[in-house]
Amino acid sequence: MALAVLQGVRKTYRMGDEDVHALDGVDLTLERDELAAILGPSGSGKSTLMHILGFMDQPTAGRILFEGEDVSHLPPDRRAWYRSHRVGFVFQSFNLLPRLTVVENVALPLLYREDAGGEAAREARAREALDRVGMGHRLGHRPTELSGGERQRVAIARAIVGRPSLILADEPTGNLDTRNIDRVLALLAELRREGIAVLLVTHDLAVAEHASRVITMRAGRIQEDRRR
Ligand code: ADP
Ligand code: MG
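First residue of the sequence shown: 65, per our numbering; consecutive thereafter.
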């Protein structure tokens, strides 16, 4: 069974008396073992697609199946459940909380989980996730005491701590130098091998080279979809 199936998905925003078609009929099947890159000019709908796949937003029209369930229209509490149990987010600007330590940042998503145990259990899982990204030696640091590459690895640990089936990464390498780009891509490839689907927005063709599938968007539609 595919991880996610989108059929005729549309997202329309009303701006004044004009409709903006952020997604204008998207058909897409995402398998569990894919590292898919999304390319496309600014305004082509990449982030909107990520928000909808990440249960942050709902489509205006169309159908979405996730793990075989119809999730096209869910009440807010069910959307929140999918966000905290099934999806991990990685952002260009890392979005770590500066007042929290590394391990506290990574444990944070587990606060929204009824099945994550108490503080000690949450911290143990956060430490495990940080070990996986090679940041187990920086548990007590604050984000400001880390390099950009280290911050992004912490953010990846935060994305995987809930054992999601999908990682959504919006320009995750946009603020990194070449060496750290390689390291982050290697980590994402490793997650993919472990069965976590990864969807990655990028402007960088060299980054897209690492993907198993390259999807190009234009004006709210998929213009090209190439598997390799
Ligand atoms: P991309 O990530 O490819 O740059 P977006 O998905 O952010 O594109 O945006 C697609 C289109 O939808 C753009 O024209 C953008 O201005 C519009 N849009 C996105 N979010 C909103 C919103 N919350 N309200 C109104 N228009 C929006
Ligand atoms: Mg965007």
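Cβ atoms here follow ideal geometry from the backbone N, Cα and C, with glycine treated the same way.
These figures come from a predicted structure and were not determined experimentally.
Using a threshold of 8 Å, state whether the C-beta atoms of residue i and residue j are closer than that.
i: Tyr66; j: Lys75; result: What sits at residue 66 in the sequence shown is Ala, not Tyr. Going by C-beta atoms, Ala66 is not nearer than 8 Å to Lys75.
i: Ala283; j: Leu264; result: no
i: Leu230; j: Ala184; result: no
i: Ser157; j: Asn239; result: yes
i: Ala144; j: Val170; result: no
i: Ala219; j: Arg196; result: no
i: Pro162; j: Pro207; result: yes
i: Arg202; j: Glu192; result: no
i: Leu117; j: Ala68; result: yes
i: Ser111; j: Met281; result: no
So the alpha helix (DSSP H) residue i belongs to, where does it begin and stop?
i: Leu251; result: Thr242 to Arg257
i: Thr112; result: Lys110 to Leu117
i: Tyr146; result: Pro140 to Arg150
i: Leu269; result: Leu269 to Ala272
i: Ala184; result: Glu183 to Arg196
With DSSP collapsed to three states, give me the class of residue i.
i: Glu288; result: strand
i: Gly226; result: coil
i: Leu161; result: coil
i: Ile220; result: helix
i: Gly107; result: coil
i: Glu131; result: coil
i: Gly212; result: helix
I think residue i touches residue j, with their Cβ atoms under 8 Å apart; what is that distance to the nearest whole Å?
i: Gly72; j: Asp91; result: 6 Å
i: Arg127; j: Asp134; result: 7 Å
i: Val166; j: His137; result: At roughly 38 Å, the Cβ-Cβ gap does not stay under 8 Å, so Val166 and His137 are not in contact.
i: His267; j: Ala253; result: At roughly 19 Å, the Cβ-Cβ gap does not stay under 8 Å, so His267 and Ala253 are not in contact.
i: Ser276; j: Arg291; result: 7 Å
i: Gln216; j: Val248; result: 5 Å
i: Phe119; j: Arg147; result: 5 Å
i: Asp88; j: Arg285; result: 5 Å
i: Val271; j: Thr237; result: 6 Å
Would you give the residue range spanned by the beta strand (DSSP E) that residue i belongs to?
i: Val167; result: No beta strand (DSSP E) holds Val167; the alpha helix (DSSP H) holding it covers Val166 to Ala171.
i: His85; result: Glu82 to Leu94
i: Tyr176; result: Premise fails: Tyr176 is in no beta strand (DSSP E) and is neither H nor E.
i: Ile279; result: Arg277 to Arg282
i: Ala261; result: Ala261 to Val265
i: Gly238; result: Run containing Gly238: none; DSSP gives neither H nor E here.
i: Gly72; result: Ala68 to Met79
I want to know whether the segment 150-160 touches the segment 84-102 - three or more CB-CB distances under 8 Å. Result no; under three Cβ-Cβ pairs closer than 8 Å.
Residues with a Cβ closer than 5 Å to any heavy atom of ligand 3, in chain order? Ligands present in the displayed structure are limited to ligand 1 and ligand 2, and ligand 3 is not among them.
Segment contact flag, the segment 219-227 with the segment 172-181, C-beta cutoff 8 Å, min 3 pairs: Cβ pair count under 8 Å is three or more, so yes.
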